[in-house]
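All residue numbers in the sequence shown are consecutive under this note's numbering, ending with 467.
The structure under discussion appears below in the form of structure tokens.
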Amino acid sequence: MKVKQHTIGKQVTLSGVGLHTGVVATMTFVPAPSNHGYKFQRMDLEGYPIVEADVDNVVDVSRGTTLEQGDARVFTVEHVLAALVGLEIDNVLIQLNGPEPPIMDGSSLPFIKILEEAGLEEQNALRRFFEIPESIHYKDASREVEMAALPLDDFRVTVMVDYNSPVLGSQHASLTDISQFKTEIASCRTFCFLHELEMLYNQNLIKGGDLNNAIVVVDRAIQEEELSHLAKMFKKPKVEVRKEGILNNVELRYKNEPARHKLLDVIGDLALVGRPLKAQIMAARPGHAANVAFAKKIKRAMEKAGPMHIPYYDPKLPPVLDINQISNILPHRYPFQLLDKIIYLDQTVVAGVKNVTINEPFFMGHFPNNPVMPGVLQVEAMAQTGGILVLSTVSDPENYWTYFLSIENCKFRKMVLPGDTLIFKCELLNPIRRGIAKMKGEAFVGNTLVCEAVMTASIVRKDA
Numbered sequence: 004m005k006v007k008q009h010t011i012g013k014q015v016t017l018s019g020v021g022l023h024t025g026v027v028a029t030m031t032f033v034p035a036p037s038n039h040g041y042k043f044q045r046m047d048l049e050g051y052p053i054v055e056a057d058v059d060n061v062v063d064v065s066r067g068t069t070l071e072q073g074d075a076r077v078f079t080v081e082h083v084l085a086a087l088v089g090l091e092i093d094n095v096l097i098q099l100n101g102p103e104p105p106i107m108d109g110s111s112l113p114f115i116k117i118l119e120e121a122g123l124e125e126q127n128a129l130r131r132f133f134e135i136p137e138s139i140h141y142k143d144a145s146r147e148v149e150m151a152a153l154p155l156d157d158f159r160v161t162v163m164v165d166y167n168s169p170v171l172g173s174q175h176a177s178l179t180d181i182s183q184f185k186t187e188i189a190s191c192r193t194f195c196f197l198h199e200l201e202m203l204y205n206q207n208l209i210k211g212g213d214l215n216n217a218i219v220v221v222d223r224a225i226q227e228e229e230l231s232h233l234a235k236m237f238k239k240p241k242v243e244v245r246k247e248g249i250l251n252n253v254e255l256r257y258k259n260e261p262a263r264h265k266l267l268d269v270i271g272d273l274a275l276v277g278r279p280l281k282a283q284i285m286a287a288r289p290g291h292a293a294n295v296a297f298a299k300k301i302k303r304a305m306e307k308a309g310p311m312h313i314p315y316y317d318p319k320l321p322p323v324l325d326i327n328q329i330s331n332i333l334p335h336r337y338p339f340q341l342l343d344k345i346i347y348l349d350q351t352v353v354a355g356v357k358n359v360t361i362n363e364p365f366f367m368g369h370f371p372n373n374p375v376m377p378g379v380l381q382v383e384a385m386a387q388t389g390g391i392l393v394l395s396t397v398s399d400p401e402n403y404w405t406y407f408l409s410i411e412n413c414k415f416r417k418m419v420l421p422g423d424t425l426i427f428k429c430e431l432l433n434p435i436r437r438g439i440a441k442m443k444g445e446a447f448v449g450n451t452l453v454c455e456a457v458m459t460a461s462i463v464r465k466d467a
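Set out below in structure tokens:
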């Protein structure tokens, strides 16, 4: 699994008809900055409103997942989101000039192909995985649906479907590594039963449905009159049934293609939790309603684990900058080098780590029998973190000094003790102008804010 965040290398576009709305739309994937996530933008509406791919924005799950934010809606988002998850793309803006992404062939494969054409670009931020801390379960007894997320230092999905159909029977599908998505899952198309077609059509759905973008399962005897009616509905000269019970001689890409597509839908719907998952996902008879309800339970567990604004630190992941790279940027050395690693860095935000041990030199003279990290050194460590952000804006940071100009609204909220891991976050409050940078700094131990301040610094060339 990729450990750093990724966006796409360039803007790419494709067009097609929406499955349920029947509206032809052009969809453009646009590169996005770190921590942006997945967002849709309706380019055909006034003000170009944004709809975030968030499970709390789901407003409809009838035959697809529909998002709404403000007055803007986007229908049937799951196949696009599954493709992004399958390629481990974290940040992208999806612009649409209609209400629904193109259905294409009913799978995620066309989106995979266009995204691969765009290429992937690594970003200076670690992926913020959510590791399931303990089992999360969802059950809908009325539909015999059960779903579970179990703790695992990886991402795996297993799906079972059973429609009591002589054609489909009971089917299973599994994904043991996300890298398999492209070759094993992405090409699997959406499907429905023949008896559902008329109902969907009468409900004003599947306006863009065609026999080349969905598998239609025929699980009963069918008369020639009904075939003629279907041909008229889909504007086809003729509709036939294969002996396997699949309409119009469509060749299945896998014997268990329906189960694999249900797995695809699970991945796409779970993308709405907003973070890549580390978990074993098990789903029996899943559908969009269950997927979304399950995703909401996972998101509530994420919120309970800690606020999103606190920088995520996983010591198992490689840093954005290690101590040697930090030393090449900052002039500080022992005993005044107070930063161990940088775990996030973009144009406006930086996050760093300081491991506090009893061997710190300042503990010898500062409260010798009561080791508490001096507040002034917490601020200094926070300032050094901010110095990385400021110096990252120049091409030759080794030729610059950064000097404090002011510290405002400084507060110390909790003691920092040996054994604590300090996580620093500094964010620019305004663009840097004339070498002056003003930023908000915060320091955390776990989910607890221990120190904060507004700092202003000046960047000065060493030869000035």
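We put the CB at the ideal spot given by N, CA and C, even for glycine.
- Residue burial is scored here from C-beta neighbours: F184 has at least 16 other C-beta atoms within 10 angstroms and is therefore classed as buried.
- Proximity to D108 across A189, H9, P136 peaks at A189, based on C-alpha coordinates.
- For a cut-off of 8 Å, the C-beta gap from L408 to A460 is around 6 Å, short enough to register as a contact.
- By the 16-neighbour rule on beta-carbons within 10 angstroms, P34 is buried.
- Taking a C-beta distance under 8 Å as the contact criterion, G355 and I361 do not qualify as a contact pair.
- Out of N38, D57, V95, the CA that lies nearest to the CA of K300 is found in D57.
- Apart from sequence neighbours up to five positions away, the residues of its chain that approach A292 with a beta-carbon distance below 7 Å are V64, ordered along the chain.
- Shortest Cα-Cα distance from E147 to any of V164, R159, P136 involves V164.
- Two segments are said to touch when three or more pairs of C-beta atoms, one from each, lie closer than 8 Å; by this definition the region 8–22 touches the region 120–134.
- By the neighbour-count criterion, in which 16 or more other beta carbons inside 10 Å mark a residue as buried, V6 falls on the exposed side.
- Residue pairing by DSSP puts A282 in a beta bridge opposite P154, F158.
- In this structure, the straight-line span from the alpha carbon of G271 to that of E81 is close to 4 Å.
- From the listed residues L273, D143, K302, the smallest Cα separation to R288 is found for D143.
- Here F370 is exposed, its C-beta having fewer than 16 other C-beta atoms within 10 Å.
- Rounded to the nearest whole angstrom, the CA to CA distance from C191 to M150 is 21 Å.
- Contact annotation: K414 and A384 have beta-carbon atoms that are not nearer than 8 Å.
- Per DSSP, the continuous beta strand (DSSP E) segment holding F43 begins and ends at 41–45.
- In the displayed model, N38 falls within coil according to three-state DSSP, outside both helix and strand.
- Remark: C-beta atoms of T424 and V448 approach each other more closely than 8 Å.
- In this structure, DSSP gives N259 a state outside helix and strand, which the three-state scheme calls coil.
- According to DSSP, residue pairing for T69 in a beta bridge involves D63.
- Judged by DSSP secondary structure, A121 falls within the alpha helix (DSSP H) whose first and last residues are 112–121.
- Taking every protein chain shown into account, the CB of Q14 has fewer than 16 other CB atoms within 10 angstroms, so this residue is exposed.
- A check of alpha carbon separations from V219 across L70, E260, I439 identifies E260 as the nearest.
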